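Data block below; observations after.
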Amino acid sequence: MQKRQLGRSGLRVSRMALGTMSWGTETDADEAASQLVAFVEAGGTLVDTADIYADGEAERIVGGLLGDLVPRDEIVVATKAVARRTDGPFGGGASRGALLSALEGSLRRLGVDHLDLWQLHAWDETVPLEETLSALEHAVTSGKVRYTGVCNYAGWQLASAAASAPNTLVATQAEYSLVERGVERELVPAARYHGLGVLPWAPLGRGVLTGKYRHGTPADSRGASAEYAGYVEQHRTERAARIVEAVATAADGLGVSPLVVALAWVRDRPGVVAPVVGARDTGQLTGSLAAEEISLPIAISSALADVSGIEFGYPERGTK
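So in the UniProt record's numbering, spot 114 of the sequence shown is number 114, and the numbers just go up one at a time.
This is how it looks when you write it as structure tokens:
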């Protein structure tokens, strides 16, 4: 798997990240081990988790696989904080106390002495930005964190944080796919201007872009589950259906799966470093790893960009 620089930092990561949101719920420890081995054998290095995934169990599973199954120094360990974990005063949020408490918890569950990438899971409007950023700086200077980033920030929030701490942040995570391109209005330009790498989550449009929902809802799909039906439903629109058909047509012409086409498209968008791909089982992950084998022809990439295009209003479009 090819490697890319994470923003303007010196950190090199695989151009696909392994997501672990389902670890500890849909994916048990044995299946997670199989996924991690397949990912590393394909050349993957960036593993993304969070302190709230399965109430911390995802971090525990990742930590249990490091060392014995996969050497620690072959993995870029990325996790997140901010989301509410407990009702206590330090159980969530972006205050200095809450963040440093969350950091210690993540280190303990992961069984490591430092994190390679520590990310703020969300913007916290109740805490001064300076306080939040001071916690990130302390985490880095203490040696417990190597690099930091943010997730789910709006463009102005990202620009404010990056301008206030130009040497602190290196990455931003956001939902980005052929059916969700809103980040191209402000977030991606802000990230590129400030030298942050973009890590798209849900690069397959919450599963819609795989084509599995073209003719209904498979009984074994997330769209049929009580827990995830609403999550998937957001992208089951008429617009998304047109995009899915275009992806399927491109896939037929290239002799690959729609999943591969959709993933390769977002992977090679300006500013993107590594899409974060989650899978319930190793078979699903193998399908995503196949995207490493192709680069979309310019004509196909442009056609998909046209059919999925979004409207840019003032001031993003300029004054013309």
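Even for Gly, the Cβ is constructed at its ideal location relative to N, Cα and C.
On a predicted model such as this, the values are computed, not experimentally measured, just so you know.
- One alpha carbon belongs to A262, the other to L178, and they sit about 7 Å apart.
- In this structure, A42 keeps its C-beta atom at 8 Å or more from the C-beta atom of E293.
- Contact annotation: A32 and L65 have beta-carbon atoms nearer than 8 Å.
- Going by C-alpha positions, I243 is about 27 Å away from S14.
- Counting C-beta atoms within 10 angstroms of its own C-beta, W118 has 16 or more neighbours from the protein chains shown and is therefore classed as buried.
- DSSP, read as helix, strand or coil, puts R181 in coil.
- Under the three-state reduction of DSSP, W123 is assigned to coil, being neither helix nor strand.
- Per DSSP, L209 lies in no beta strand (DSSP E) segment and is marked neither H nor E.
- Distance check between Y314 and each of P128, A264 and R185 places R185 closest, using alpha-carbon atoms only.
- DSSP, read as helix, strand or coil, puts V256 in coil.
- Per DSSP, Y193 is not a residue of any beta strand (DSSP E); the alpha helix (DSSP H) it occupies stretches across L187 to H194.
- With a cutoff of 8 Å on beta-carbon distance, V70 and V112 are scored as not near each other.
- The Cβ atoms of V76 and T45 sit closer than 8 Å to each other.
- Residue range K3 to Q5 is occupied by the beta strand (DSSP E) that includes Q5.
- A straight-line Cα-Cα distance of about 12 Å links K80 and E104.
- The C-beta separation of A94 from T148 comes to about 12 Å, leaving the pair out of contact by the 8 Å criterion.
- If you ignore the 5 residues before and after A190, its C-beta comes within less than 6 Å of the C-beta of G155, L158 and A159, all in its own chain and listed in chain order.
- Rounded to the nearest whole angstrom, the CA to CA distance from E59 to L120 is 16 Å.
- With a beta-carbon spacing of about 18 Å, V62 and L11 fall beyond the 8 Å limit used to define contacts.
- Going by DSSP, T79 is part of the beta strand (DSSP E) stretching over V76 to A81.
- In this structure, the beta-carbon distance from L199 to A83 does not fall below 8 Å.
- Taking a cut-off of 8 Å on C-beta distances, the stretch 137 to 151 touches the stretch 161 to 176, as three or more cross pairs fall below it.
- About 4 Å separates the Cβ atoms of T20 and T49, confirming a contact at the 8 Å cut-off.
- Under the criterion of beta carbons closer than 8 Å, V276 and W201 qualify as touching, at roughly 5 Å.
- With at least 16 other beta carbons inside 10 angstroms of its own, R267 counts as buried.
- Following the DSSP letters along the chain, one finds A174 inside the beta strand (DSSP E) bounded by residues L169 to E175.
- Scanning G182, P89 and L100 for the CA closest to the CA of F312 turns up G182.
- The three-state reading of DSSP puts D55 in helix, counting H, G and I together.
- Counting only runs of 4+ residues, the alpha helix (DSSP H) found wholly inside the stretch 94 to 166 occupies 96 to 110, 129 to 141 and 155 to 164, in chain order.
- The three-state secondary structure of T86, taken from DSSP, is coil.
- S14: member of the beta strand (DSSP E) spanning R12 to S14, first to last residue.
- Around the beta carbon of Y53, 16 or more other beta carbons sit within 10 angstroms, so the residue counts as buried.
- Assignment of D28 by DSSP, reduced to helix, strand and coil, places it in the coil class.
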